[in-house]
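Enquirer:
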Amino acid sequence: MAEGPDSRDAPTERQGMIENLNPVARLLRNRYALACTSTASLIAISLAYDQAVTSGAATYIEEDLITSDAHHQLMMGVFSVFTLVGVALAGVVSDCFGRRWTILIGGALFIIGPIIMGCAPYYAVFLVGRSFANWGAGFASMIAPVYFAEISPSVSRGVFISFLEVLLSIGTLLGNLSNYCFSMFKHELGWRLMVSAAAIPSVALACTVFAMPESPQWLVMQGRYDEANKIICKISNSTEEAALWLDDIKKASGVFEEGNGDNVTNANHNTGVWRHIFHPTRSIFHLLICAVVIQFLQAACGIETLLLYSPQIFERVRITTSFGKLMASMILDMVKIVVILFATFLVDRVGRRPLLLGSIGGLVLWLLSLGVFFILIDRHSPKKLSWAVDMCYISVIFYMISYSIGLGPITEVYCSEIFPPRLHAQGYAIGVGVKNAVKIGLSLTHLQISNTITLGGAAISCAVIAFIGWVPLYMVMPETKGRKLEEIGELFGKFIKWRSAPRDRELQRTSETTEAAARDVEMQRT
1 MAEGPDSRDA PTERQGMIEN LNPVARLLRN RYALACTSTA SLIAISLAYD QAVTSGAATY
61 IEEDLITSDA HHQLMMGVFS VFTLVGVALA GVVSDCFGRR WTILIGGALF IIGPIIMGCA
121 PYYAVFLVGR SFANWGAGFA SMIAPVYFAE ISPSVSRGVF ISFLEVLLSI GTLLGNLSNY
181 CFSMFKHELG WRLMVSAAAI PSVALACTVF AMPESPQWLV MQGRYDEANK IICKISNSTE
241 EAALWLDDIK KASGVFEEGN GDNVTNANHN TGVWRHIFHP TRSIFHLLIC AVVIQFLQAA
301 CGIETLLLYS PQIFERVRIT TSFGKLMASM ILDMVKIVVI LFATFLVDRV GRRPLLLGSI
361 GGLVLWLLSL GVFFILIDRH SPKKLSWAVD MCYISVIFYM ISYSIGLGPI TEVYCSEIFP
421 PRLHAQGYAI GVGVKNAVKI GLSLTHLQIS NTITLGGAAI SCAVIAFIGW VPLYMVMPET
481 KGRKLEEIGE LFGKFIKWRS APRDRELQRT SETTEAAARD VEMQRT
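Take the sequence shown: its position 290, counted from the start at 1, is 290 in the numbering used here, and no numbers get skipped.
(1) Does DSSP put E214 in a helix, in a strand, or in coil?
(2) Once DSSP output is grouped into helix, strand and coil, what is the label at Y122?
(3) Give me the Cα-Cα distance between A57 and Y428, rounded to the nearest whole angstrom.
(4) Quick one: Cα of F82 to Cα of K439, how far?
(5) Is it right to say A124 is buried, meaning 16 or more other beta carbons lie within 10 angstroms of its own, or is it exposed?
(6) Apart from the five residues just before and just after Y32, which ones in its own chain have a Cβ nearer than 7 angstroms to its Cβ?
(7) Considering only C-alpha positions, which residue in the set Y225, L189, N30, K494 is nearest to R282?
(8) Compare the beta carbon distance of I111 and G129 with 7 angstroms and say whether it is the shorter of the two.
(9) Tell me the rounded alpha-carbon separation between P114 and H446.
(10) So, with DSSP's three-state summary, where would you put G528?
(11) Output yes or no for whether 7 angstroms exceeds the beta carbon distance between S46 and P201.
(12) So, helix, strand or coil for S238, using DSSP?
(13) Suppose contacts are defined by Cβ-Cβ distances below 7 angstroms. Is T344 in contact with V53 by that definition?
(14) Consult DSSP for V92 and reduce its assignment to one of helix, strand or coil.
(15) Kindly indicate the opening and closing residues of the alpha helix (DSSP H) around K435.
(16) Taking the Cβ atom as the reference point for each residue, do S359 and I405 lie within a distance shorter than 7 angstroms?
(17) Cutting at 6 angstroms between CB atoms, please list the residues of its own chain near A107, excluding the five before and the five after it.
(18) How many angstroms separate the CA atom of G138 from the CA atom of S131?
(19) Using only the alpha-carbon positions, how far apart do A140 and F97 sit?
(20) State the start and end residues of the unbroken alpha helix (DSSP H) segment that holds I337.
(21) Please look up how many angstroms separate the CB atoms of D333 and S169, rounded, as I've assumed it's under 8 angstroms.
(22) Can you list, in chain order, the residues of its chain whose CB lies under 6 angstroms from that of A198, leaving out five sequence neighbours each side?
(23) Between the Cα of L355 and the Cα atoms of R316, I401, G371, L385, which residue gives the shortest distance?
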């Protein structure tokens with residue numbers, strides 16, 4: 001008996017029911033995807049912990065290995081180039097050998113690097129360990145969001161990927177706690193324990209990584225149809241949904257079947273990736289603009305910039321003791337974690353676009369506020385302007401809230417989901433490479449910038465950069481909430497102000513209904 005209109009609309013109705021679930025219910029409904037991403041998240045915890053303890057242990061490293069502060073900062077900046085190398089290598093490795101092996105290699109680098117640093121008898125040996133850790137940082141920052149995006153169902157993808165930012169914040173918090181706890185040891189022992197502990201999450205990852213499945217998108221691009229189908233069935237809510245999902249992946253990947261479907265050929269497998277990126281079509285160019293601008297803004301105006309200037313900020317607001325600085329950092333970490341958790345409840349309901357644009361707007365406001373109050377403090381005695389010091393506290397806290405509600409989690413969510421399967425890894429790697437290049441430039445020049453234009457001038461400059469970046473995103477950034485990875489590319493290519501969310505949802509429902517009807521007609525013919 002032929003299916004009626006109601007049965008054709010069943011997938012859409014079922015998707016709507018899932019969309020109405022709250023984020024916690026979505027996570028529980030997708031326990032398999034949750035288990036996979038939880039395992040992969042260990043590399044993100046290693047990344048954040050390593051970055052936190054490297055900053056906290058800097059003074060002890062300089063004293064024990066006999067090097068100057070300027071030399072150490074220069075070396076850290078120069079060796080950060082290895083992070084860029086790691087990002088580039090991760091993009092190639094993930095396309096050739098798979099996402100799972102890329103995660104494992106990144107974890108192995110995070111085991112080797114911290115152990116070498118912790119055992120280093122000389123500064124040169126320490127730098128060798130630092131280079132391995134920076135390679136691992138490049139692998140981790142590139143592959144974790146890509147894997148999260150490809151293993152997550154479309155209706156809850158934002159929750160899964162934004163939760164990655166929560167784990168990064170937890171890793172930073174653990175790093176700050178480690179800095180405090182190990183500072184009670186003898187200096188020559190304490191810093192070694194600090195940096196070596198970064199290997200612990202990666203050891204756990206190495207023990208569990210082979211329980212993780214490979215990305216179904218990568219398996220389809222390799223022609224491993226049956227393996228991809230088994231994984232998709234575990235993630236999907238029904239076999240019908242899994243079949244539609246697999247079909248979408250194959251179409252987006254340029255795959256066509258021969259005979260009975262057992263022999264699968266990929267028309268674009270590992271060929272022409274860089275040609276598509278460096279000689280892009282209109283839609284790919286649109287994708288790259290959005291990804292590069294968002295990643296640039298996160299590096300130039302995000303939390304990494306605040307951390308670079310934190311010593312000067314603490315000095316301006318009269319936090320001078322090590323314990324006071326630690327408490328201030330931990331308070332900011334806790335604020336960040338709470339707000340990002342709140343953002344996970346909104347990302348698949350409100351959408352990526354309003355959260356990101358609202359977040360950047362908040363950054364502009366609070367960076368301007370921070371800059372003005374810093375200028376007032378510089379021109380007058382902080383004791384006479386105690387209210388300005390208090391306003392600096394408030395501005396920093398609201399800056400953190402604005403960052404954590406959008407630019408922090410949405411950067412990974414949006415940039416990891418917009419590229420088509422054949423360009424997914426390398427396209428995302430380009431955005432991450434831009435972000436790391438900006439971070440390297442800031443790490444080498446932030447002292448000169450603050451000395452030249454003052455700390456207040458640096459904050460106002462960041463606000464101006466954020467506003468300049470907000471304008472093109474407002475004009476060309478489409479909403480991707482609820483879309484499958486394989487159909488998001490259809491949203492790009494028109495450089496105009498994007499249509500409203502209700503109109504977008506209406507067009508999406510119409511498209512889904514039309515596709516379902518077309519499939520029914522094709523099935524009846526066969």
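Even glycine gets a Cβ: it sits at the ideal position worked out from N, Cα and C. These numbers were taken from a predicted model, which means no experiment stands behind them.
Expert: Here's the rundown:
(1) In this structure, E214 counts as coil in the three-state DSSP scheme.
(2) If DSSP states are grouped into helix, strand and coil, Y122 belongs with coil.
(3) A57 and Y428 have their alpha carbons spaced roughly 31 angstroms apart.
(4) Approximately 13 angstroms between the Cα atoms of the pair.
(5) The residue in question, A124, is exposed, as its Cβ has fewer than 16 Cβ neighbours within 10 Å.
(6) Cβ neighbours of Y32 within its own chain (closer than 7 angstroms, five residues either side excluded): K234, I235.
(7) When C-alpha distances from R282 are compared across Y225, L189, N30, K494, the shortest belongs to K494.
(8) Not a contact, by the Cβ cut-off of 7 angstroms.
(9) If I take the Cα positions, the gap works out to 26 angstroms.
(10) Given a span of 1 to 526 for the chain in the structure shown, any question on residue 528 remains unanswerable.
(11) One thing to note: S46 has its Cβ within 7 angstroms of the Cβ of P201.
(12) Three-state result, S238: coil.
(13) Their beta carbons are not under 7 angstroms apart, which means T344 does not touch V53 by this criterion.
(14) Residue state, collapsed to three classes: helix.
(15) For K435, the enclosing alpha helix (DSSP H) has its first and last residue at 424 to 476.
(16) Taking 7 angstroms as the Cβ cut-off, S359 and I405 qualify as a contacting pair.
(17) The amino acid occupying residue 107 in the given sequence is Gly; Ala does not appear at that position. So the qualifying residues of the chain are I43, S202, L205, A206.
(18) Whole-angstrom Cα-Cα distance: 11 angstroms.
(19) Near 16 angstroms, if we compare the C-alpha coordinates of F97 and A140.
(20) Residues 322 to 344.
(21) D333 to S169, Cβ: 6 angstroms. Contact.
(22) If we look at A198 and ignore the five residues flanking it on each side, its Cβ neighbours are S46, Y49, D50, P114.
(23) It is I401.
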